[in-house]
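This report concerns only the one structure given below.
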Amino acid sequence: MDKYEVAEILNEIATLLELKGENPFKTRAYTNGARAIEALTEPLDKIVDEGRLGEIKGFGKALQEKVAALVETGKLEYYDKLKASVPEGLVAMTAIPGLGPKKVVAIHKALGIDSLDALETACKDGQIAPLSGFGKKSETKILEGIEHSRNYASRHHLDEAMLLAEPILDDLRAHPDTIRCSSAGSLRRSKETVHDVDFLVSSREPERIIDWFVHQPEVTSVLAQGDTKASVIIGRKGIQADLRVVSDAEFPSALAYFTGSKEHNIVMRQRAIERGLRLNEYGLFKSKEETRDPELRVNCATEEEIFRELELDYIPPELREDHGEFEAAENHTLPRLLEWTDLKGSLHNHSEWSDGRGTLREIADAMSDLGLSYWAITDHSKSSFQANGLDEKRLRQQIKAIAEVNQQLEDEGVDFRLLSGTEADIHTDGSLDFDDDLLAELDIVVASIHQSFQLEEKQMTERIIKAASNPHVHMIGHLTGRLLLSREAYKVNHQEIIDTCAKTGTWIELNASPYRLDMDWRHWRYAKSKGVKCVINCDAHRFEQAGHLRLGANVARKGWLTKEDVVNTRPLKELWELQVRD
DNA sequence: GCCGTTTTCGGCCCGACTGTTTTCAGTCG
């Protein structure tokens, strides 16, 4: 069993314990254990083999035994028994907003309900409202929740959230009663998918800001509206948006608090407690007791100053996942992160020659107008016939056509170049769609998998390693083939592939399509530690997808990457020098 | 279930909102 499967079971154990009414701190121990396992950078089976599970923070005797059993045998008696003792379907019911473990159990005890379908029927029949602690509104909300979970995915792509949030943020900024404002939450941390969109505003007139917010034309329903907080559903796709309004003195601590992550915040609070202080969304206070007394407030005008009071360097929002940022911030070793404006071009893109839009010249003009320096045309290869992939003959024609466009650009004095390339399919055996002779004629070779996703992890890993070992391959494209919120990643051993790329000097793509964002940000720190370079690529099929560069850079920041770690921050001349291999 | 430079027992982050209640439990982030 791999670490993700183990983590999933630990999380399920936590939910099951909650349903059984266990000590909440015991529940939390399992949740913490799941997180710690997911965050591991070395293989879990290796840690188990060497008996080092106890070195993981929060791992005592019980968790060590349980995880070792899961890794070694794939089974855990404790889990099986626990699962058998809780009616199936109750876990799914806890996913409905407003229904936690206590209420789910209450409904089950009173009515014997153990599935979403049965719950829906009971609501419609008016059986829920008479229960103690429930009412007519509970019934309506549960029905809405079930409906919502069917109509909309509960998470959304990052670009969708950004596109929705930015105009609202602009309007909030322009609102006469706004002093400061920002996005917060997972959007500000650039998570690859987000559950909701968070806004924070400081103002002397909170009720006016709240009122303005819930009356925005995009708002389709108001979930909650109070004096300092409102939750609404916005947009066609139904994204939840939360707004908090605080005083300006509270803004820095509120921003830190609502940016999260939850795990990061817990460490921040603990650091405050260790220093005899108390941190909450209202400020950092010289008190051990709960207080909002301005007299006790440690004056912090910005987030930076809060970090300083807790003896930390400023931690950029993208890094706030409790994935090692505290150690680095203490030791002054946080990286200076990449900025999206550092990017000079994209090395994996398509044109009308395969399944993209636009002629070579149109693409060159569009990207040059954006201020980029180069743009690789890497159309699909012949095996991807569904994408009108190029065979040898058409690829040779395209190389010539690109040379002609570049000649025109040079004659016109335009400081921009197209690069010739291919996105070569990796066959099941790891061989590529073109011979080495032809690959050698190209500026850029991206090797990607577009079929046979179902191979076992071992075979899939060997397949990619073989492709990465071809001296003509510059980079591996979208390493796991995942489509966020729709298709699971195919199983690969990231570590082995990264180790190979470190030896061969092969780059790994961070595919900046909002549906991919692949390789996942969680693996970049390991790649970086091995000296493997990243390439942030648009995988553009249309002009406007050049904008994916910004998204890709945001996610690269989340992987701790700097300008130096990313190949396409370099000017063309340096890019050529990087390509020379031993 | 985990943890410990006062502690091997008694803590474990904490505040807002909702819906149901007549003062609060449950849920959420």
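For the first sequence, the working numbering gives the first residue as 448, with consecutive numbering after it. No residue lacks a Cβ here, since even glycine has one placed at the ideal position from N, Cα and C.
Through-space distance from Gly803 to Ile923, alpha-carbon basis: The sequence position of residue 923 within the first sequence is 476, counting from 1. The sequence position of residue 803 within the first sequence is 356, counting from 1. Approximately 20 angstroms between the Cα atoms of the pair.
Distance between Ala612 and His988 (C-alpha atoms, nearest Å): For this step, residue 988 is matched to residue 541 along the first sequence. For this step, residue 612 is matched to residue 165 along the first sequence. Each residue's alpha carbon lies about 25 angstroms from the other.
Residues that DSSP places opposite Glu991 in a beta bridge: Translated into the one-based positions of the first sequence, residue 991 becomes position 544. According to DSSP, Glu991 bridges with nothing at all.
Which of helix, strand or coil DSSP assigns to Val453: What you label residue 453 is simply residue 6 of the first sequence in a count that begins at 1. In the structure shown, Val453 sits in a helix (DSSP, three-state: H, G or I).
Ranges of the alpha helix (DSSP H) found wholly within the stretch 604-650, counting only runs of at least 4: 605-621 and 632-635
Asp449 Cβ short of 7 angstroms to the ligand GDP heavy atom set: This structure lacks the ligand GDP; in fact it carries no ligand of any kind.
Own chain, CB closer than 7 angstroms to Trp659, minus 5 neighbours either side, in chain order: If you number the first sequence from 1, residue 659 lands on position 212. For Trp659, where only same-chain residues beyond five positions count, the Cβ hits under 7 angstroms are His622.
Pairwise C-alpha distance: Gln844 and Asn458: Taking the first sequence and counting its residues from 1, the one referred to as residue 458 is at position 11. Taking the first sequence and counting its residues from 1, the one referred to as residue 844 is at position 397. Asn458 and Gln844: Cα-Cα distance of roughly 55 angstroms.
Arg651, buried or exposed, once every other Cβ within 10 Å from all chains shown has been counted against 16: The sequence position of residue 651 within the first sequence is 204, counting from 1. Exposed.
Nearest-angstrom beta carbon gap, Leu1025 and Val1014 [assumed within contact, 8 angstroms]: The sequence position of residue 1014 within the first sequence is 567, counting from 1. The sequence position of residue 1025 within the first sequence is 578, counting from 1. Contact holds; Cβ gap of about 6 angstroms.
Residue environment, Pro577, which counts as buried when at least 16 other CB atoms sit within 10 Å: Position 130 of the first sequence, counting from 1, holds the residue named residue 577. Under this definition Pro577 is an exposed residue.
Per DSSP, the bridge partner or partners of Gly868: Position 421 of the first sequence, counting from 1, holds the residue named residue 868. Gly868 is bridged to Thr825 and Ile891.
4 or more residues per run - each alpha helix (DSSP H) lying fully within the stretch 537-611: 537-540, 548-558, 563-571 and 583-598
Distance between beta carbons of Ser678 and Ser649, contact taken as under 8 angstroms: Residue numbering aside, residue 649 sits at position 202 when the first sequence is read from its first letter. Residue numbering aside, residue 678 sits at position 231 when the first sequence is read from its first letter. Going by Cβ atoms, the distance from Ser649 to Ser678 rounds to 19 angstroms, so no, they are not a contact pair.
Contacts around Val745, its chain only, beta-carbon distance under 8 angstroms, and the 5 residues preceding and following it disregarded: On the first sequence, position 298 is the one that residue 745 refers to. Result list for Val745: Leu724, Gly730, Leu731, Phe732, Lys733 and Glu756, in chain order.
Lys513 - containing beta strand (DSSP E), residue span: In the first sequence, residue 513 corresponds to position 66, counting from 1. Unbroken run through Lys513 is the alpha helix (DSSP H), Lys508 to Thr520; no beta strand (DSSP E).
Cut-off 8 angstroms between Cβ atoms - residues of its own chain near Ile657, not counting five sequence neighbours on either side: Taking the first residue of the first sequence as position 1, residue 657 is located at position 210. So the qualifying residues of the chain are Gln672, Gly673, Asp674, Thr675, Lys676, Ala677, Leu690 and Val692.
Backbone CA spacing between Pro1018 and Ser793 [nearest angstrom]: As a first step, residue 1018 must be located in the first sequence, where it is residue number 571. As a first step, residue 793 must be located in the first sequence, where it is residue number 346. Rounded to whole angstroms, Pro1018 to Ser793 spans 12 angstroms at the Cα level.
Unbroken beta strand (DSSP E) run spanning Cys747, endpoints: Counted from its first residue, the first sequence places residue 747 at position 300. Per DSSP, Cys747 belongs to no beta strand (DSSP E) and is neither H nor E.
Neighbour-count burial assignment, Pro653, 16 or more Cβ in a 10 Å radius: On the first sequence, position 206 is the one that residue 653 refers to. With 16 or more Cβ atoms within 10 Å of its Cβ, Pro653 is classed as buried.
Backbone CA spacing between Ala993 and Lys584 [nearest angstrom]: Numbered from 1 along the first sequence, position 546 holds the residue referred to as residue 993. Numbered from 1 along the first sequence, position 137 holds the residue referred to as residue 584. Cα to Cα, Ala993 sits roughly 46 angstroms from Lys584.
Check whether Ile575 and Ile589 have beta carbons under 8 angstroms apart: Counted from its first residue, the first sequence places residue 575 at position 128. Counted from its first residue, the first sequence places residue 589 at position 142. Yes, Cβ-Cβ distance for Ile575 and Ile589 is below 8 angstroms.
Cut-off 7 angstroms between Cβ atoms - residues of its own chain near Leu1030, not counting five sequence neighbours on either side: Here the chain has residues from 448 to 1029 only, and residue 1030 is not among them.
Exposure label - Arg1028; buried when at least 16 CB within 10 Å: As a position in the first sequence, residue 1028 is number 581, starting the count at 1. Because Arg1028 carries a pLDDT of 49, less than 50, the predicted location of this residue cannot be relied on, and no value is offered for it.
8 angstroms Cβ shell around Asp789 - same chain, five flanking residues per side excluded: Numbered from 1 along the first sequence, position 342 holds the residue referred to as residue 789. So the list reads Ala1000, Lys1010, Val1013 and Thr1016, once near-sequence residues are dropped.
Cβ pair count under 8 angstroms reaching 3, the stretch 823-834 against the stretch 795-811: yes
Any beta strand (DSSP E) of 3 or more consecutive residues that is wholly inside the stretch 897-953: none
Minimum C-alpha distance to Glu870 - residue among Phe472, Ile911 and His797: Within the first sequence, numbered from 1, the residue matching residue 870 stands at position 423. Per the Cα distances, His797.
Residues bridged to Cys981 (per DSSP): Mapped onto the first sequence, residue 981 falls at position 534. Paired residues: Ile955 and Val1013.
Integer-rounded CB distance, given that Leu605 should sit under 8 angstroms from Ser637: To locate residue 637, count along the first sequence from 1; it is residue 190. To locate residue 605, count along the first sequence from 1; it is residue 158. Indeed, because the Cβ distance is near 7 angstroms, the residues count as touching under 8 angstroms.
Segment contact flag, the stretch 861-870 with the stretch 806-821, C-beta cutoff 8 angstroms, min 3 pairs: yes
Sequence-distant residues of the same chain with beta carbon closer than 8 angstroms to Gln942, five excluded per side: Translated into positions along the first sequence, residue 942 becomes position 495. Answer for Gln942: Glu489, Pro490 and Tyr973, listed in chain order.
Among Thr462, Met540, Gly582 and Tyr451, the one whose alpha carbon lies nearest that of Leu517: Here residue 517 refers to the residue found at position 70 of the first sequence. The shortest Cα separation from Leu517 among Thr462, Met540, Gly582 and Tyr451 belongs to Tyr451.
Contact set for Val714: own chain, Cβ-Cβ below 8 angstroms, skip 5 residues either direction: The count along the first sequence starts at 1 and reaches residue 714 at position 267. Excluding residues within five positions, the ones whose Cβ falls inside 8 angstroms are Asp769 and Phe773.
CB of Gly1030 within 8 angstroms of CB of His595, strictly: The first residue shown for the chain is 448 and the last is 1029, placing residue 1030 beyond what the model contains.
Nearest to Lys791 (by Cα), restricted to the options Gly818, Lys550, Arg767 and His555: Translated into the one-based positions of the first sequence, residue 791 becomes position 344. It is Gly818.
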